[in-house]
Amino acid sequence: MCLAVPGKVVEIKEAQPGVVGQLAMVDFQGNKVEVSLAMVPEAELGSWVLVHAGFAINVLDEQEAAETWQSLKEAGLDLEIPGSSDN
Numbered sequence: 370m371c372l373a374v375p376g377k378v379v380e381i382k383e384a385q386p387g388v389v390g391q392l393a394m395v396d397f398q399g400n401k402v403e404v405s406l407a408m409v410p411e412a413e414l415g416s417w418v419l420v421h422a423g424f425a426i427n428v429l430d431e432q433e434a435a436e437t438w439q440s441l442k443e444a445g446l447d448l449e450i451p452g453s454s455d456n
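Basically this note's numbering = 1-based index in the sequence shown + 369.
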């Protein structure tokens, strides 16, 4: 099953040659993962984004992010944050 999970942009990195779009560090309830913002160039520091396979695919408000996490918890999913080895 593929899921997208919400996280908060806590750092936006400088543009890198050969990389399309900005990269950001996104905090997923304490786990920080590097994510591409190429699909959501409007995302900024402090934005909540929905992330799938290392790409932010949508910008959310904080309430939507909280409701999504709550739904995932209620579903009993043991989530593994993509790219994180801290789980």
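The C-beta atom is built at its ideal place from N, Cα and C for all residues, glycine as well.
How should residue i be labelled, buried or exposed, when 16 other C-beta atoms within 10 angstroms of its C-beta is the threshold for buried?
{"i": "leucine 406", "result": "buried"}
{"i": "serine 416", "result": "buried"}
{"i": "asparagine 456", "result": "Note on asparagine 456: pLDDT 40, under 50, position unreliable in the model; no value is reported."}
{"i": "lysine 442", "result": "exposed"}
{"i": "valine 388", "result": "exposed"}
{"i": "alanine 422", "result": "exposed"}
Taking 8 Å as the threshold (C-beta atoms), are residue j and residue i in contact?
{"i": "valine 379", "j": "valine 404", "result": "no"}
{"i": "proline 375", "j": "leucine 429", "result": "yes"}
{"i": "isoleucine 381", "j": "alanine 373", "result": "no"}
{"i": "isoleucine 426", "j": "valine 409", "result": "yes"}
For residue i, which residues in the same chain have their Cβ closer than 8 Å to its Cβ, ignoring the five residues on either side in sequence?
{"i": "alanine 384", "result": "Gln391"}
What residues in its chain sit with their C-beta under 7 Å from that of residue i, if we drop five residues either side in the sequence?
{"i": "alanine 444", "result": "none"}
{"i": "glutamate 411", "result": "Val428"}
Helix, strand or coil, according to DSSP, for residue i in the structure here?
{"i": "isoleucine 381", "result": "strand"}
{"i": "aspartate 455", "result": "Summary for aspartate 455: the model assigns pLDDT 46, below 50, so the residue's position carries little reliability; its value from the coordinates is reported in the next sentence. If DSSP states are grouped into helix, strand and coil, aspartate 455 belongs with coil."}
{"i": "serine 416", "result": "coil"}
{"i": "valine 374", "result": "strand"}
{"i": "methionine 408", "result": "coil"}
{"i": "leucine 446", "result": "coil"}
Would you give the residue range spanned by the alpha helix (DSSP H) that residue i belongs to?
{"i": "leucine 441", "result": "431-443"}
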